[in-house]
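This report refers to the structure that appears directly beneath it.
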Amino acid sequence: MQELSVRHLLGIKDITPQDIQLIFETADNFKDVLNRPIKKVPSLRDITIANVFFENSTRTRLSFELAEKRLSADVINFSSSSSSVKKGETLLDTVNNILAMKVDMIVMRHSSPGAPHFLSRHITANIVNAGDGTHEHPTQALLDSFSIRERLGDVAGKKVVIIGDILHSRVALSNIFALQKLGAEVMVCGPITLLPKYIKELGVKVELDVRKALAWCDVANVLRIQLERQQMKYFPSLREYTLYYGIDKKLLDSLDKEIVLMHPGPINRGVELSSDAADSHHSIILNQVENGVAIRMAVLYLLASRQ
Amino acid sequence: MQKRIIVNHKLLEIMVMRLCHQLIENHGDFSDSVILGLQPRGIYVAQRIQKTLAAILGKQVPTGYLDTTFHRDDFRRRDTPLTANATKVDFLIEGKKVILVDDVLYTGRSVRAAMDAMIAYGRPANVELLVLIDRLYTRHLPIQPTYVGRHVNSLLSQRVLVEWQGQDTPEDNIWLITKTDE
Numbered sequence: 001m002q003e004l005s006v007r008h009l010l011g012i013k014d015i016t017p018q019d020i021q022l023i024f025e026t027a028d029n030f031k032d033v034l035n036r037p038i039k040k041v042p043s044l045r046d047i048t049i050a051n052v053f054f055e056n057s058t059r060t061r062l063s064f065e066l067a068e069k070r071l072s073a074d075v076i077n078f079s080s081s082s083s084s085v086k087k088g089e090t091l092l093d094t095v096n097n098i099l100a101m102k103v104d105m106i107v108m109r110h111s112s113p114g115a116p117h118f119l120s121r122h123i124t125a126n127i128v129n130a131g132d133g134t135h136e137h138p139t140q141a142l143l144d145s146f147s148i149r150e151r152l153g154d155v156a157g158k159k160v161v162i163i164g165d166i167l168h169s170r171v172a173l174s175n176i177f178a179l180q181k182l183g184a185e186v187m188v189c190g191p192i193t194l195l196p197k198y199i200k201e202l203g204v205k206v207e208l209d210v211r212k213a214l215a216w217c218d219v220a221n222v223l224r225i226q227l228e229r230q231q232m233k234y235f236p237s238l239r240e241y242t243l244y245y246g247i248d249k250k251l252l253d254s255l256d257k258e259i260v261l262m263h264p265g266p267i268n269r270g271v272e273l274s275s276d277a278a279d280s281h282h283s284i285i286l287n288q289v290e291n292g293v294a295i296r297m298a299v300l301y302l303l304a305s306r307q
Numbered sequence: 308m309q310k311r312i313i314v315n316h317k318l319l320e321i322m323v324m325r326l327c328h329q330l331i332e333n334h335g336d337f338s339d340s341v342i343l344g345l346q347p348r349g350i351y352v353a354q355r356i357q358k359t360l361a362a363i364l365g366k367q368v369p370t371g372y373l374d375t376t377f378h379r380d381d382f383r384r385r386d387t388p389l390t391a392n393a394t395k396v397d398f399l400i401e402g403k404k405v406i407l408v409d410d411v412l413y414t415g416r417s418v419r420a421a422m423d424a425m426i427a428y429g430r431p432a433n434v435e436l437l438v439l440i441d442r443l444y445t446r447h448l449p450i451q452p453t454y455v456g457r458h459v460n461s462l463l464s465q466r467v468l469v470e471w472q473g474q475d476t477p478e479d480n481i482w483l484i485t486k487t488d489e
C-alpha cells in the first residue's frame with residue numbers, strides 16, 4: 001500500500017514524483033465517483049476541515065469546498081475580510097482558535113509566501129496550501145498536469161510553454177516544478193519585464209516571441225494578465241500586450257500542428273486569449289475545472305489517511 | 308509460515324460449476340440479473356463465473372467491478388493506507404437482481420461497504436452474495452452469503468488465499484495459510 005511522503009501539501013517542490021503519480025491514480029478513481037448518479041463517498045465523515053482564506057478566491061474555494069463535501073467531511077469557511085484579523089489577531093492565534101474547535105485539516109490561502117510553511121511548524125493539523133502569495137499553488141499545478149495527462153496520455157516528454165506574467169504567478173512556479181518532476185520540458189514566455197531574473201536557474205527555456213513558443217510546444221498554459229496591476233507599468237499598454245502576446249484562433253490555425261490550450265482562470269477575454277481561441281477545440285479549460293475537484297478530493301483523502 | 312491446499316484446481320472447477328447451476332436455478336436466463344465482483348480479488352471470481360455461465364447459457368451476463376475503498380469503515384483506523392482500485396459498472400442496477408461476488412467472506416465489513424458503494428448506482432430489486440469460501444464464526448456483522456463454495460473452519464491468525472491461474476500462479480488453488488513463529 002502506498003502513501004504520501006508528506007503530512008502537508010505545502011508545495012510541489014516538497015513532494016516526490018511518486019507522490020504525484022499516487023495523487024493522479026487516486027484522482028482517477030474520484031473522477032469516476034463524480035460521474036455517478038450519487039457523487040458522494042463517506043470516507044472523511046469523521047473529519048472537519050477549515051477553509052481559511054486570507055485572500056480572495058472564488059474558484060479554488062468552491063472547488064475545495066465541493067471536494068470536501070463529496071468526501072462527506074464537515075466544512076467550515078473563514079475569510080479574513082469578515083473576521084478578527086481586521087482587529088489585529090496574528091495568523092497563529094487565528095488558526096489556533098480554529099483548531100481549538102477540533103478541526104483536523106486546514107486549507108489555507110494567504111498573501112504572504114511561506115505562510116503555510118510557517119504554520120506547519122507550529123500546529124499538528126494537516127495543511128493544504130491553496131496559494132501563498134507569489135510562491136506556490138500546488139493543487140492548481142496538479143490539476144493542470146492531470147489534465148495534460150488526460151488529454152495526451154502522459155506528461156513525460158511533452159513540451160509545455162507557460163505564457164504571461166511569470167513574475168507574479170504562483171501557478172507558474174508550481175507548474176514548473178510539477179511538469180519537471182513528471183519529465184516534461186518547460187518553457188516560459190512573456191515580456192521580459194514579467195520574467196523573473198533567475199528563472200533560467202530552474203532549468204526552463206526562455207522565449208520572448210510567442211509565435212516561436214507556440215511552434216515549439218505541445219501544450220500552452222496561458223496565464224491571466226493581472227489587470228489590477230496595470231498601474232505598475234510592466235508593459236506599455238494592454239493593447240500592446242494583446243498585440244504581442246495575445247493568442248487567437250488565427251494564430252493557432254497558422255501552426256502546422258494541434259496544440260492544447262490551458263488557462264487557470266479567470267480569463268480576460270480579448271487580452272491574453274481571444275474568445276474564438278478560448279472556446280475552440282484546442283481548449284481544455286473547462287476540463288481543468290472539472291478535474292480540480294477530483295484532484296482536491298485525492299489530496300484531502302491521501303493526507304487524511306496519514307494522520 | 309505453513310501453506311496447505313484446501314481446494315485444488317479440480318475441486319475448484321467443480322465448485323464454480325455447481326455455483327453457476329445454483330445461480331441458474333434462481334436467475335433463469337439472467338435477463339434481469341447482473342454480477343458485481345468486489346475489488347481487488349473478487350473480480351477474478353466474477354470473471355470465472357461469467358465465463359462458465361457463458362459456456363452453459365451461451366450469453367454474457369453483465370459483469371462489473373465494484374471498489375469499496377472509499378466506503379470502508381476502517382479508513383484512518385489501520386496502519387497501512389487504503390489504495391483504491393478501479394470501479395467499472397457500465398450498466399444501471401436500478402430494478403436489477405444483483406449478485407455480489409467475492410472470494411473469501413471473513414468479517415463481513417467489505418460486503419457492508421460494497422452494499423453502500425453499490426447503492427450509488429441505483430436501487431436494486433434484490434441483492435445476493437456469492438463467495439467461494441465462507442470462514443465460519445468470524446463475522447463482525449450479521450451478513451450471510453446466499454451461495455457458498457465451501458465453509459471453512461479457521462483460526463483468526465490464519466489466512467485463506469484464493470489463487471487464480473495466470474494471475475500469480477500456474478494453476479487455480481485455494482490455500483489455508485498459518486503463520487508460525489520462526
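Protein chains in written order, with this note's numbering: chain A, 1 to 307; chain B, 308 to 489. Quick reminder that beta carbons are idealized off the backbone N, C-alpha and C, glycines included. Just so it is clear, the structure is predicted and the values come from calculations on it, not from any experiment.
Buried versus exposed call for residue i [16 or more other C-beta atoms within 10 Å across all chains shown]
i                      : result
residue 409 of chain B : buried
residue 451 of chain B : exposed
residue 363 of chain B : exposed
residue 398 of chain B : exposed
residue 116 of chain A : buried
residue 433 of chain B : exposed
residue 192 of chain A : exposed
Candidates the options: closest to residue i by CA position
i                      : options                       : result
residue 35 of chain A  : B/348, B/453, B/335 and B/396 : B/396
residue 129 of chain A : A/37, A/6 and A/181           : A/6
residue 127 of chain A : A/190, A/237, A/48 and A/188  : A/48
residue 400 of chain B : B/337, B/462, B/334 and B/341 : B/341
residue 312 of chain B : B/372, B/350, B/481 and B/383 : B/481
residue 125 of chain A : A/44, A/81, A/104 and A/114   : A/104
residue 59 of chain A  : A/288, A/180 and A/304        : A/288
residue 324 of chain B : B/360, B/343, B/374 and B/387 : B/360
residue 311 of chain A : A/227, A/250 and A/166        : Here chain A comprises residues numbered 1 to 307, so residue 311 of chain A is not present and cannot be evaluated.
residue 272 of chain B : B/367, B/437, B/460 and B/446 : What the structure shows of chain B is the stretch from 308 to 489, and residue 272 of chain B is not part of that stretch, so it cannot be assessed.
residue 407 of chain B : B/394, B/414 and B/421        : B/421
residue 475 of chain B : B/337, B/462, B/348 and B/327 : B/348
residue 321 of chain B : B/387, B/365 and B/455        : B/455
residue 465 of chain B : B/485, B/429, B/338 and B/446 : B/485
residue 21 of chain A  : A/79, A/250, A/210 and A/150  : A/150
residue 91 of chain A  : A/206, A/184 and A/111        : A/111
residue 27 of chain A  : B/394, B/385 and B/372        : B/394
residue 365 of chain B : B/467, B/427 and B/337        : B/337
Residues near residue i by beta carbon distance below 8 angstroms, same chain, minus five either side
i                      : result
residue 377 of chain B : 391 and 424
residue 285 of chain A : 261, 262, 263, 265, 267 and 278
residue 19 of chain A  : 4, 5 and 6
residue 152 of chain A : 158, 218, 219 and 260
residue 419 of chain B : 380, 448 and 450
residue 16 of chain A  : 5 and 181
residue 168 of chain A : 134, 194, 226 and 229
6 angstroms Cβ shell around residue i - same chain, five flanking residues per side excluded
i                      : result
residue 57 of chain A  : 109
residue 170 of chain A : 131, 134, 135, 136 and 137
residue 354 of chain B : none
residue 283 of chain A : 261
residue 367 of chain B : 361
residue 256 of chain A : none
residue 460 of chain B : 443
Chain-order list of residues whose beta-carbon lies under 7 angstroms from that of residue i (same chain, five-residue window excluded)
i                      : result
residue 40 of chain A  : 70 and 72
residue 67 of chain A  : 293, 296, 297 and 300
residue 479 of chain B : 316, 319, 470, 471 and 472
residue 306 of chain A : 3, 4 and 7
residue 487 of chain B : 308 and 309
residue 334 of chain B : 340 and 404
residue 64 of chain A  : 51, 107, 130 and 296
residue 61 of chain A  : 51 and 53
- Output the residue ranges of the beta strand (DSSP E) runs that lie fully inside the region 17-86 of chain A and measure 3 residues or longer, sorted by chain position. 48-53 and 74-79
- Task: Can you check the region 367-438 of chain B for any alpha helix (DSSP H) of at least 4 residues that lies completely inside it and give the ranges in chain order?
- Result: 416-426
- Item | Runs of beta strand (DSSP E) wholly within the region 267-304 of chain A (minimum 3 residues, chain order) | none
- Could I get the ranges of all uninterrupted beta strand (DSSP E) runs contained in the region 108-154 of chain A, with 3 residues as the minimum, in chain order? 126-132
- Item | Ranges of the alpha helix (DSSP H) found wholly within the region 169-215 of chain A, counting only runs of at least 4 | 170-181
- Task: Name, going along the chain, the residues of the region 364-384 of chain B whose beta-carbon falls closer than 9 angstroms to a beta-carbon of chain A.
- Result: 374, 376, 377, 378, 379, 380, 382 and 383
- Task: With 9 angstroms as the C-beta to C-beta threshold (strictly closer), list the residues of the region 331-364 of chain B near chain A in chain order.
- Result: none
- Query: Listed in chain order, which residues of the region 14-40 of chain A have Cβ atoms closer than 9 angstroms to some Cβ of chain B?
  - Reply: 22, 25, 26, 28, 29, 30, 32, 33, 36, 37, 38, 39 and 40
- Item | Selection of the region 429-461 of chain B by Cβ proximity to chain A, strictly under 8 angstroms | 429
- Selection of the region 389-422 of chain B by Cβ proximity to chain A, strictly under 8 angstroms: 389, 390, 391, 392, 393 and 394
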